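Read through the structure below, which is laid out as structure tokens, and then see the notes.
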Amino acid sequence: MDEGVRSFPTLSIAAVERDTGLSKDTLRVWERRYGFPQPMRDQNGERVYPADQVDRLRAIRRLMDAGHRPGRIIGLGPEELDELARRVPSDQVETSADVGADQAALMALVRNHDVPNFRRELGQRLMRLGLERFVTELAGPLIHEVGETWARGDLEIYEEHLFTESMEVVLRNAISTIPPPKAAPKILLTTFPGESHGMGLLMVEALMAIEGCPCVSLGVQTPVWDIVLAAKAQRADVVALSFSSASTAPLIFDGLLELREKLPLETEVWVGGRASALRRRTLLGVRVLEDLQAIRPEVERWRTEKMPG
Ligand code: B12
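With the working numbering, the residue at position 8 of the sequence shown is 11, and numbering never jumps.
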């Protein structure tokens with residue numbers, strides 16, 4: 004264990020996500036991209052964040068809500084962040100408590116089965132945040148909160164279904180309003196048979212469409228041979244697959260080996276999702292995308308390699 008972890012209080016990545024409203028994916032990407040935050044590791048090797056870093060993350064989050072771009076403010080020290088925050092009108096400041104309360108307010112609508120208001124509230128946040136932030140900062144954490152609440156037995160299955168249905172409608176509508184695609188790669192999205200979780204796929208489709216990629220989604224549970232036929236018919240450059248934490252290693256690797264064997268070599272296979280087996284084994288010709296933030300660089304890499312100049 005990191006010695007520092009024993010000597011002063013720290014928060015887990017899940018606690019920082021709840022506290023600041025910044026998703027785990029975002030925290031990990033900032034760490035890689037900007038060198039901040041710099042978490043320590045606990046005895047299990049998991050990230051833990053000292054209180055001063057969490058304070059700074061809260062300040063950054065507040066400034067982002069007031070319109071500042073993360074890349075411009077992450078490198079600033081506490082005094083500079085304070086100085087910037089003083090210039091933000093107080094009615095524009097959304098505190099971490101607001102973010103937590105916001106999530107709780109949305110959960111209350113789910114529990115009250117108030118579908119019309121839940122959809123309306125999601126729609127308003129979509130307008131306020133824009134699709135990219137809606138997906139990475141609101142939808143991801145909220146879906147996980149719903150999953151945890153359900154796993155604790157605090158949410159009925161039909162309540163979870165109401166939530167999923169509403170979130171899917173909002174995401175689908177939002178995707179349909181994205182301007183027409185700009186350039187390849189053309190991406191075919193689906194999951195393997197046995198993987199019925201489709202919201203990760205929708206989130207991925209939204210971010211790929213924002214990058215200007217033409218996307219065709221087959222929805223969930225497509226047999227491997229049909230994926231191959233669809234990729235050919237659609238002239239897809241990439242087949243993207245999502246694996247939730249419910250996906251088992253045999254489901255993932257048997258399917259991927261068969262798919263890779265049947266697809267032409269030039270069709271790339273991109274996979275992602277929370278299934279831990281994905282990170283345990285490498286397969287030739289299959290690219291594992293670590294998180295949602297990996298989509299943009301991957302699309303750029305493809306364009307640089309396949310469409311030089
Ligand atoms: C909604 C839901 C369902 C719905 C799905 C409906 C739908 N249309 O999608 C239904 C009711 C069908 C369902 C069924 C089941 N579910 Co369920 N479900 C969920 C829930 C609440 C959300 C899942 C989801 O959509 N996640 C999608 C996104 C948001 O999360 P993600 O997969 O982690 O992906 C993230 C990233 O990895 C990335 N990503 C995802 N894919 C890709 C792909 C690429 C290329 C990239 C770059 C990134 C990327 O995007 C996401 C953003 O952070 C989760 C709870 C949770 N915490 O996730 C449980 C959960 C996944 N389900 C679970 C279980 C157990 C089941 C069932 C087995 C229950 C049962 N006994 O029948 C079945 C399994 C069905 C199957 N075999 O597929 C467990 C899995 C636990 C485990 N490790 O096994 C979870 C974690 C709930 C829990 N806490 O226990 N479920």
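Virtual Cβ for every residue (Gly too), placed ideally from N, Cα, C. The model shown is predicted, which means the values in this text are computed figures rather than measured ones.
Asked	Found
Out of Q56, E20 and R89, point me to the one whose CA is closest to I77's CA.	Q56
Could you check which residue in G201, R299 and L205 has the C-alpha nearest to that of N176?	L205
Below 7 Å CB to CB, which residues in the same chain sit around G126 once its five sequence neighbours on both sides are set aside?	V173
Thinking P73 and T13 are a contact (beta carbons under 8 Å), I'd like their distance in whole angstroms, please.	Their Cβ separation, rounded to whole angstroms, is 23 Å, which puts P73 and T13 out of contact at 8 Å.
Along the alpha helix (DSSP H) that carries T285, what are the first and last residues, could you check?	Neither: T285 is in no alpha helix (DSSP H) and is coded neither H nor E.
May I ask you to report which of helix, strand or coil DSSP gives P73?	helix
Does any heavy atom of the ligand B12 sit closer than 8 Å to the C-beta of V172?	no
Could you check how far apart the C-beta atoms of L109 and L145 are, in whole angstroms? I think they sit under 8 Å.	6 Å
Measuring only the C-alpha atoms, how far is R283 from H116?	40 Å
Could you tell me the boundaries of the beta strand (DSSP E) in which L192 lies?	I190 to T193
State the Cα-Cα distance for the pair E264 and N47, rounded to the nearest angstrom.	37 Å
Could you pull out every unbroken beta strand (DSSP E) segment of at least 3 residues lying fully inside the segment 171-245, listed in chain order?	190-193, 218-220 and 241-245
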